[in-house]
Structure formats: structure tokens, C-alpha cells
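There are 2 protein chains.
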Amino acid sequence: MDYNQPTKNFQKEVAEQCIRYLSIDGVIFGFHQNQLNVLLLRWKGTNEWCLPGGFIRKTESVDEAAERVMQERTGLNELFLQQFHVFGAVVRYDQDAVWRKINLNVDADSWSERTISIGYYALVEHSKVVPTPDFLTEECRWWPLDEVPGLLFDHNHIIEVATRALRRQLNDQPISHLLPESFTIPELQRLHETILGHPLDARNFYKKMMASGTLERLTERRAGTPHKAPYLYRFTRSESQA
Amino acid sequence: MDYNQPTKNFQKEVAEQCIRYLSIDGVIFGFHQNQLNVLLLRWKGTNEWCLPGGFIRKTESVDEAAERVMQERTGLNELFLQQFHVFGAVVRYDQDAVWRKINLNVDADSWSERTISIGYYALVEHSKVVPTPDFLTEECRWWPLDEVPGLLFDHNHIIEVATRALRRQLNDQPISHLLPESFTIPELQRLHETILGHPLDARNFYKKMMASGTLERLTERRAGTPHKAPYLYRFTRSESQA
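Sequences listed follow chains A and B, in order. The first sequence finishes on residue 265 if you use our numbering, and the numbering steps up by one all the way, no holes. The second sequence finishes on residue 265 if you use our numbering, and the numbering steps up by one all the way, no holes.
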């Protein structure tokens with residue numbers, strides 16, 4: 024498929040309206056069937072995948088640019104976003120090799136010779152997302168974190184750094200955004216275990232969560248479970264971010 | 024003092040060699056006499072203070088730019104640096120008001136209409152630093168964190184965000200960089216208390232530190248103390264960063 028005329032226009036538009044040398048990359052995490060997933064895009068006419076991303080308009084803040092990109096790819100009006108790292112190496116990946124893989128003619132006049140990318144991760148409720156490709160891509164879908172293929176650019180590295188950041192920030196981040204409004208303690212434990220990558224002791228986990236003062240027990244219980252129906256909980260407050 | 028000719032040359036140089044729209048700001052933390060200090064610069068011919076900062080050359084990575092700036096201001100060849108936040112609002116501060124305060128004629132052709140700043144903090148051993156002004160400033164010195172005056176740009180806000188990040192990362196960061204090679208447990212506790220802003224229980228702190236597996240007790244003890252000489256410790260490994 025020839026998509027080079029629209030991409031030429033796109034490159035010109037970016038060069039005029041956006042901040043040269045800078046981009047946004049987004050690692051959108053969802054939690055489903057005890058797996059952490061990330062949202063990936065497949066480039067038109069190829070089998071090459073990458074993260075959602077975009078550029079920062081001169082008239083918008085960096086956070087607004089990130090929100091715009093993530094909202095467009097998820098269909099969500101509100102989502103929890105966290106800056107986690109700036110990828111600022113002079114050579115982040117082999118540009119020519121990437122352009123060849125996706126059959127892209129890059130206009131050297133309007134395109135910058137390097138791109139510094141500001142990484143954001145988003146925590147979203149899996150079931151609410153409507154994965155939506157952009158005009159350069161033809162597929163947008165969830166991939167389990169441990170099955171992510173070799174990606175374009177340095178996007179595997181970006182996912183790795185995002186996952187480490189999420190793991191480190193597990194106790195101060197509003198991971199409630201990854202869960203439906205109400206959930207059981209074992210469900211919350213699965214989420215923690217999935218992010219950390221190792222099992223946790225159920226009794227200690229329960230104690231720690233109760234001591235945190237962030238959970239409220241509801242009067243309803245989870246229906247349709249084979250054993251005694253477990254209580255449902257919800258978070259009492261949305262935690263603040265930096 | 025007229026420093027406008029050199030600053031004109033500087034602006035031209037930055038416009039040619041550096042990445043437009045982007046800057047680095049550095050919050051350099053030192054720990055001295057149970058106080059957390061930050062390194063500030065005073066602009067030539069004024070009583071206006073700000074953080075050390077600079078621009079990213081097209082040929083260097085963002086990390087290299089940050090290292091260069093921090094090394095120049097501290098005289099240290101190696102220092103522990105951590106990216107903590109990108110300040111990307113469209114209007115971060117009143118530019119004209121800042122230029123007036125420091126009597127700077129800004130060349131609108133070579134200067135960008137907004138600047139996105141990548142914040143780094145550095146953890147340094149206070150006694151090893153040789154505070155060194157740059158060519159725009161005439162004084163560089165430590166300020167206790169709780170006595171920092173109203174600063175130029177949005178630098179009070181940047182310090183606030185850096186301090187929150189340091190506090191949050193207290194347990195995974197190599198805060199060993201803020202201490203001399205060997206130290207007593209009470210000295211380490213003072214550092215934690217200073218960063219957190221509240222006292223800690225000595226017995227629990229001791230237990231937690233011993234359980235962390237990061238400390239090694241030396242055979243020497245701290246000399247010159249009025250009571251029984253306490254043991255000296257050091258960190259056994261340098262912790263990794265993202």
C-alpha cells in the first residue's frame with residue numbers, strides 16, 4: 024500500500040506545527056485475565072509493531088500532547104498518565120533500517136536527525152478501551168507483556184523501562200485505574216503479583232492492604248464464585264501524583 | 024554590569040548548536056549538618072537566584088548534557104544523577120518579567136518562545152563540591168532547602184517536585200552518594216529523617232537497615248564522640264537505576 028503522499032503531508036505538518044526533536048511515546052497498560060497487556064500498533068502493509076506515539080504541538084503542553092495521543096488510541100476521555108523517562112541518546116536506533124522496514128520515505132528537510140522521546144505510561148481499565156489505529160497504522164490491539172514481539176524503534180526498551188517504573192511505583196501509584204471500580208482482595212493481589220512478577224503471601228498482602236487505609240469494603244460480595252462469595256472492595260481516594 | 028554582548032553571543036551559539044525548545048535544570052542536593060542543601064546561582068549584578076541549568080547540544084545525549092552542566096557547577100567528575108520530571112507547560116513563567124529582573128536582552132529570533140525543561144537531581148557529597156558559577160552568574164553556593172528564597176523562572180516549583188521525587192525514591196535510590204564512605208547508623212537515620220521531613224523510630228530504623236542487606240559494618244568505630252564510640256558502616260553495593 025502506498026501511503027507516502029499522506030505521510031509527506033504529515034511530515035510537513037509536523038515540521039510546521041510541532042516541536043522539532045521531541046516526541047511522545049506511550050506505554051498503555053491494561054490488566055486482563057491475570058495478565059498485564061500493552062497496546063501496540065501495526066504499520067500499514069507490514070507486520071511491524073510499535074507503541075502509540077506522537078508529537079508535541081507548539082501550542083500545547085507536553086502533558087496535553089500525551090493525553091491527546093493516548094485518548095485517540097484508547098477512545099477514553101480520561102486516563103491516568105505518568106511521565107516515566109526521557110529517552111535522549113543521540114542514536115536511539117538505526118533510523119534508516121526502521122524507515123526501510125515500514126517503507127517510509129522520510130523527507131530529510133522536515134524531519135529531525137534525532138528524536139528525544141518523552142515516555143508516558145497509562146494505566147487503563149482493559150474492558151473500557153476501544154483500540155484505535157492512527158492513519159499510519161492498520162491495526163491496534165492488546166499484547167500480553169510477555170509475548171510482545173520485536174518492535175520498531177527502541178520500543179522494546181521503552182516498555183522495559185516503563186515496566187520497571189511501574190513496579191517501583193507500585194505502592195504510590197493509583198493502580199486502581201487498572202481495575203474495575205469494585206474488586207476482591209485476591210483480584211488486587213493478582214494485579215500486584217503480575218506487576219511484580221512474583222507471588223505474594225496472601226495473609227501478609229491482606230494485612231498490608233488493610234493497613235494502607237485506602238480500601239473500603241462494600242456491602243455486596245462477588246457473585247458466581249464456587250466457594251463462599253468474597254467481599255468486594257473499592258479504593259477510597261485517588262492518590263496524588265508528582 | 025553590562026553582560027549583554029557576551030550573552031548575545033551565547034544566545035547565538037545556543038541557537039546554532041543546541042536543541043531548540045529544550046533545556047536541562049539541575050537540583051543538586053547535598054547533606055550537611057543534618058540539613059538538606061541545594062546549590063543555587065546568583066545572576067550577575069542582581070540579587071536573583073536560580074538553579075544550575077543549560078542546553079542540550081545536538082551532538083550529545085540528554086544525560087551527557089545534564090552531566091556536563093552538573094560537573095561544571097560542582098567540580099565533580101562523577102556524580103549520581105537522576106531524571107525526575109519534564110516541565111512542559113506552554114507557559115511555565117512570565118518570560119518578560121524574568122528577563123527584566125536579570126536585565127537580559129533576549130534576541131527573539133534566536134530564542135525559543137517556550138522552553139521545555141528536563142529536570143535532573145544530583146546527590147553529591149557536600150564536602151567534595153567546589154561551587155562554581157557560570158558566565159551568566161557571579162555566585163554559586165549552598166542554600167538549606169527550607170531557606171531557599173523566591174527563585175527565577177519556575178525553579179521553586181522544580182525544587183519542590185525534585186524533593187518529592189527524592190522522598191518517594193528514598194528506598195531505591197543510592198542515597199549513599201549523599202554520605203561519606205563510612206558513617207554511623209544514627210548519621211544514616213538523620214539523612215532519612217531530613218529527606219522525609221519527620222523523625223523515625225531508632226530501633227525500627229536499625230532493624231530495617233540491617234534487614235536491607237546493603238550495609239556492611241567496618242572494624243573501625245567513630246572516634247571523638249562523647250559516648251561509647253558507635254560502629255561505622257558502609258554500603259556494600261551501588262544500587263542500580265532505571
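Backbone N, C-alpha and C fix where the C-beta goes; we use that ideal spot for every residue, glycine too. All values derive from a computational prediction rather than experimental measurement.
**Under 7 Å from the C-beta of D86/B: neighbouring residues of chain A** = G111
**Item:** Amino acids of chain B, ordered along the chain, whose beta-carbon sits closer than 9 Å to that of E243/A
**Value:** Chain B residues near E243/A: none, gap ~34 Å exceeds 9 Å.
**Message:** What would DSSP say about N60/A, mapped onto helix, strand or coil?
**Reply:** strand
**Asked** Listed in chain order, which residues of the segment 93-110 of chain A have Cβ atoms closer than 7 Å to some Cβ of chain B?
**Response** Q106, H108 and V109
**Asked** Helix or strand or just coil, what does DSSP make of Y44/B?
**Response** coil
**Item:** Per-residue burial, T242/A [other beta carbons within 10 Å of its own, 16 or more giving buried]
**Value:** exposed
**Request:** Pick helix, strand or coil for Q28/A, following the three-state DSSP scheme.
**Result:** helix
**Request:** Spatial neighbours of P156/A within its chain, please: CB distance less than 7 Å, with the 5 preceding and 5 following residues excluded, ordered by chain position.
**Result:** L64, E162 and C163
**Cross-chain neighbours of R190/A in chain B, by beta carbon under 9 Å** = Ordered by position in chain B, no residue passes the 9 Å Cβ test against R190/A, which lies about 10 Å from the chain.
**Prompt:** In angstroms, rounded to a whole number, what distance separates the CA positions of M24/A and I125/A?
**Reply:** For M24/A, the pLDDT reaches just 45, beneath the cut-off of 50, and the residue's location in the model is therefore unreliable, leaving the point undetermined.
**Listed by chain order, chain A residues near E170/B by CB distance under 7 Å** = Ordered by position in chain A, no residue passes the 7 Å Cβ test against E170/B, which lies about 23 Å from the chain.
**Request:** Would you mind telling me which residues of chain A sit closer than 7 Å to F43/B, beta carbon to beta carbon, in chain order?
**Result:** Per the sequence shown, the amino acid found at residue 43/B is Arg instead of Phe. Going along chain A in sequence order, the residues near R43/B (Cβ under 7 Å) are R43.
**Item:** Backbone secondary structure at A38/A - three-state DSSP
**Value:** helix
**Asked** Relative to the C-alpha of I47/A, which residue among A225/A, Y144/A and V113/A is closest?
**Response** Y144/A
**Asked** In three-state terms, what does DSSP make of Q264/A?
**Response** Unreliable positioning characterises Q264/A in this predicted model, as indicated by a pLDDT of 35, which lies under 50. The coordinate reading is nonetheless provided below. Of the three classes helix, strand and coil, the one that applies to Q264/A here is coil, per DSSP.
**Prompt:** If you drop the 5 nearest sequence neighbours on each side, which residues of the same chain put their C-beta closer than 7 Å to that of F206/A?
**Reply:** L255 and Y256
**Item:** Nearest-angstrom beta carbon gap, T97/B and V147/B [assumed within contact, 8 Å]
**Value:** 6 Å
**Request:** Determine the burial state of K67/B: buried for a count of at least 16 other Cβ atoms within 10 Å of its Cβ, exposed for fewer.
**Result:** buried
**Asked** Is it a yes or a no for the segment 39-46 of chain A touching the segment 71-79 of chain A, going by three-plus beta-carbon pairs under 8 Å?
**Response** yes
**Request:** Please name the residue, chosen from Q118/B, S133/B, E204/B and S135/B, that lies closest to H149/B on a Cα-to-Cα basis.
**Result:** E204/B
**Request:** May I have the straight-line CA-CA distance separating A246/A from L238/A, to the nearest angstrom?
**Result:** 20 Å
**Message:** Give me the subset of the segment 131-148 of chain A whose CB atoms are less than 7 Å from a CB atom of chain B, sorted by chain position.
**Reply:** I139 and I141
**Prompt:** Beta-carbon separation of S199/A and F110/A under 8 Å?
**Reply:** no
**Message:** Between T82/B and chain A, is any beta-carbon pair separated by less than 8 Å?
**Reply:** yes
**Residue range of the beta strand (DSSP E) that includes A185/A** = Where A185/A is concerned, there is no enclosing beta strand (DSSP E), although the alpha helix (DSSP H) it sits in stretches over H178 to R191.
**Reference N32/B; option with closest CA among Q192/B, L174/B, F158/B and I218/B** = F158/B
**Message:** For the alpha helix (DSSP H) containing H200/B, name the first residue and the last one.
**Reply:** No alpha helix (DSSP H) holds H200/B; DSSP gives it neither H nor E.
**Item:** Classification of Q264/A by the beta-carbon crowding that lies within 10 angstroms, buried from 16 upward
**Value:** Any reading at Q264/A is ruled out, since the residue's pLDDT is 35, under 50, leaving its predicted position unreliable.
**Request:** Taking only runs that begin and end inside the segment 104-131 of chain B, name each unbroken alpha helix (DSSP H) of 4 or more residues, in chain order.
**Result:** 118-124
**Item:** Start and end residues, beta strand (DSSP E) containing R257/B
**Value:** Y254 to F258
**Distance between beta carbons of H108/A and V184/A, contact taken as under 8 Å** = 5 Å
**Item:** Same chain only: Cβ atoms within 8 Å of T30/B, ignoring 5 sequence neighbours per side
**Value:** L127, N128 and L159
**Message:** I believe V114/B touches E83/A by the beta-carbon criterion, under 8 Å. Please report the beta-carbon distance rounded to the nearest angstrom.
**Reply:** Not really, about 12 Å apart at Cβ, beyond 8 Å.
**Message:** Counting C-beta neighbours from all protein chains within 10 Å, is the total for A188/A 16 or more, i.e. buried, or is it exposed?
**Reply:** buried
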